[in-house]
Amino acid sequence: NAGVMQNPRHLVRRRGQEARLRCSPMKGHSHVYWYRQLPEEGLKFMVYLQKENIIDESGMPKERFSAEFPKEGPSILRIQQVVRGDSAAYFCASSPLAVKLDTIYFGEGSWLTVV
Amino acid sequence: QQQVKQSPQSLIVQKGGISIINCAYENTAFDYFPWYQQFPGKGPALLIAIRPDVSEKKEGRFTISFNKSAKQFSLHIMDSQPGDSATYFCAASRSNFGNEKLTFGTGTRLTIIP
Numbered sequence: 240n241a242g243v244m245q246n247p248r249h250l251v252r253r254r255g256q257e258a259r260l261r262c263s264p265m266k267g268h269s270h271v272y273w274y275r276q277l278p279e280e281g282l283k284f285m286v287y288l289q290k291e292n293i294i295d296e297s298g299m300p301k302e303r304f305s306a307e308f309p310k311e312g313p314s315i316l317r318i319q320q321v322v323r324g325d326s327a328a329y330f331c332a333s334s335p336l337a338v339k340l341d342t343i344y345f346g347e348g349s350w351l352t353v354v
Numbered sequence: 003q004q005q006v007k008q009s010p011q012s013l014i015v016q017k018g019g020i021s022i023i024n025c026a027y028e029n030t031a032f033d034y035f036p037w038y039q040q041f042p043g044k045g046p047a048l049l050i051a052i053r054p055d056v057s058e059k060k061e062g063r064f065t066i067s068f069n070k071s072a073k074q075f076s077l078h079i080m081d082s083q084p085g086d087s088a089t090y091f092c093a094a095s096r097s098n099f100g101n102e103k104l105t106f107g108t109g110t111r112l113t114i115i116p
């Protein structure tokens, strides 16, 4: 999973601030998934994107959360007006154009702490 | 119907022993069942995966057993080593081309003791 780059690795925000998490997929990968891991829990799917398209956002909270994957640059998960309950690890995964499930690779995560 | 239930929550096994982690799913449309290994501060890494057309898959010391009728699958780690100490997640997915989102279990924290 070393090829999927996430930054920042750790982020501290005060309640009400905005958090932006970035994900650069592995070279040649055009599919990006975002997952959230709450303390002592499994990963929960949030959103699936291809370049310039949101394919499935069924796991995204209805408010304050948004994601994009522009033609150029990394995918960004944006959380507006953060609350303590947003504190979690956010993982990005990527896969190549011809998707095979065993070619999905995860990044090392971004740990968000809301104080 | 999208849940994957995993047990136990934590497991302590002596070095050289067999570690067994179990998962059960509800959605019969799932057709891909991977196991992920996660070390503290790291992302999950694919360990081994199985599809429902086989009942068992072995890779080195790691074996997945799959029971389609019971909708259960398990991970067996033979000759467990201290380096296997990690959190293990089972997952499930529908392998429709275009959206392979994973539904994860809640994880098992495995500790191998000398």
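If you read the sequences in order, they're chains A and B.
Every number in the numbering used here is 239 more than the matching position in the first sequence, counting from 1.
Every number in the numbering used here is 2 more than the matching position in the second sequence, counting from 1.
Where a beta carbon is used, it is the ideal one built from N, C-alpha and C, also for glycine.
| field | Counted within 10 angstroms of its Cβ, other Cβ atoms place residue 45 of chain B as buried (16 or more) or exposed | value | buried
| request: Could you say which of A/352, A/354, A/344 lies nearest to residue 267 of chain A if we only look at CA atoms? | output: Nearest to residue 267 of chain A by alpha-carbon distance, out of A/352, A/354, A/344, is A/344.
| field | Interface residues of chain B facing residue 347 of chain A [CB-CB closer than 8 angstroms] | value | In chain order: 43, 44, 45.
| Identity of the residues DSSP links to residue 58 of chain B by a beta bridge | B/67
| field | Nonlocal neighbours in the same chain, by C-beta distance under 6 angstroms from residue 261 of chain A, ignoring five residues either side | value | For residue 261 of chain A, same chain residues with a beta-carbon under 6 angstroms away, outside a window of 5 residues either side, are 246, 313, 315 in chain order.
| said: Am I right that residue 40 of chain B and residue 75 of chain B are in contact with their C-beta atoms under 8 angstroms? What's the rounded C-beta distance? | reply: Their Cβ separation, rounded to whole angstroms, is 18 angstroms, which puts residue 40 of chain B and residue 75 of chain B out of contact at 8 angstroms.
| task | Compare the C-beta of residue 240 of chain A against all C-beta atoms of chain B and say whether one is closer than 7 angstroms. | result | With a pLDDT of only 46 at residue 240 of chain A, under the threshold of 50, the placement of this residue in the model should not be trusted; the figure read from the coordinates follows. Yes, residue 240 of chain A lies at the interface with chain B (some Cβ there is under 7 angstroms from its Cβ).
| Does the beta-carbon distance from residue 350 of chain A to residue 328 of chain A come in below 7 angstroms? | Taking 7 angstroms as the Cβ cut-off, residue 350 of chain A and residue 328 of chain A qualify as a contacting pair.
| query | What are the boundary residues of the beta strand (DSSP E) that includes residue 110 of chain B? | reply | Counting along the chain, the beta strand (DSSP E) containing residue 110 of chain B begins and ends at 110 to 115.
| field | Listed by chain order, chain A residues near residue 108 of chain B by CB distance under 9 angstroms | value | 279, 280, 281
| Going straight from the alpha carbon of residue 79 of chain B to that of residue 112 of chain B, what length do you get? | Going from the Cα of residue 79 of chain B to the Cα of residue 112 of chain B covers about 11 angstroms.
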